[in-house]
Amino acid sequence: MRSSLLANTAFAADQPVLDNLRPWRSTDVPAVMSAFTDADITHWHVLRIETPAAAADWLAQWRERWAAAEAAAWAITSADTAVGQIGLRHIDLTNATVSLSYWMLPSARGQGLAPRAIATLERWCFALGFQRIALQHSTRNHASCRVAEKAGYLLEGTLRSAWQLADGRHDAHVHARTSS
Numbered sequence: 025m026r027s028s029l030l031a032n033t034a035f036a037a038d039q040p041v042l043d044n045l046r047p048w049r050s051t052d053v054p055a056v057m058s059a060f061t062d063a064d065i066t067h068w069h070v071l072r073i074e075t076p077a078a079a080a081d082w083l084a085q086w087r088e089r090w091a092a093a094e095a096a097a098w099a100i101t102s103a104d105t106a107v108g109q110i111g112l113r114h115i116d117l118t119n120a121t122v123s124l125s126y127w128m129l130p131s132a133r134g135q136g137l138a139p140r141a142i143a144t145l146e147r148w149c150f151a152l153g154f155q156r157i158a159l160q161h162s163t164r165n166h167a168s169c170r171v172a173e174k175a176g177y178l179l180e181g182t183l184r185s186a187w188q189l190a191d192g193r194h195d196a197h198v199h200a201r202t203s204s
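Counting from 25, one number per residue, gives the positions in the sequence shown under my numbering.
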């Protein structure tokens, strides 16, 4: 399985549209600005995006990171409007592993869009040959934990004092699924 992933040219092609997930567009600056001014999102993220120019830069960097098979991000959409983000981080083609990240705008929370986006991206990753998909969140981020559980990601453990966020050190839960 690992050799098929290494030989796969998925990252050489344009980033695909996957159901209600599409690559970010330059016209998504307002959604990015909304996300990074939302107290819940900024509480759990170190990244700060405070200007439309910074949002445009954030959107633009994904094309290069995709081409380098380094990371990827999709807009989670409702009626083709960006309402959230899901991404691949820590892409390891040698070990066929990847990590997920996600956030939802307040207007889209509680509608099942995040677990559905995880399932969509998971199917695509496993079809490519990835063997393990993991996600992490602060142990204090109960909403993210519920999303992981609803998506069927088992809690594997806790990383002690793993993250430095604005309010101090946080332990992190690790959830994962495997292709088997």
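Positions of the beta carbon are idealized from the N, C-alpha and C atoms, including for glycine.
Just so it is clear, the structure is predicted and the values come from calculations on it, not from any experiment.
Closest by C-alpha distance to residue i, when choosing among the options
i, options, result
"R156", "H194, P130, W90, Y177", "Y177"
"A95", "W86, T101, A103", "W86"
"S203", "I65, A99, W148", "W148"
"T105", "R193, L112, L45, A196", "L45"
"A167", "V122, I73, H197, D191", "H197"
"A34", "I65, W90, V56", "W90"
"A77", "S50, A99, W98", "S50"
"A190", "A37, T182, W68", "W68"
"I100", "G192, S131, D62, H161", "S131"
Sequence-distant residues of its chain with Cβ nearer than 6 Å to residue i (five each side left out)
i, result
"S27", "Reliability of the predicted coordinates at S27 is poor, the pLDDT of 46 falling under 50, and the value obtained from them is presented with this limitation in mind. Around S27: no qualifying Cβ."
CB of residue i within 7 Å of CB of residue j, strictly
i, j, result
"L129", "A59", "yes"
Beta bridge counterpart(s) of residue i as assigned by DSSP
i, result
"Y126", "I110"
"L159", "L124, H199"
"P47", "W98"
"T182", "H197"
"T105", "S102"
Neighbourhood of residue i by C-beta, 7 Å cutoff - its chain only, sequence neighbours within 5 removed
i, result
"P139", "V171, K174, A175"
"I115", "A93, E94, A95, V122"
"L30", "Confidence is the limiting factor: at L30 the pLDDT is only 44, short of 50, which leaves the residue's position unreliable and the question unanswerable from this model."
Cβ separation of residue i and residue j, assumed to be a contact under 8 Å, to the nearest whole Å
i, j, result
"G153", "W127", "Actually they do not touch by this definition, with Cβ atoms about 27 Å apart."
"W98", "L42", "7 Å"
Own chain residues within Cβ distance below 8 Å of residue i, not counting five before or after
i, result
"A200", "R156, I157, A158, L159, Y177, L178, E180"
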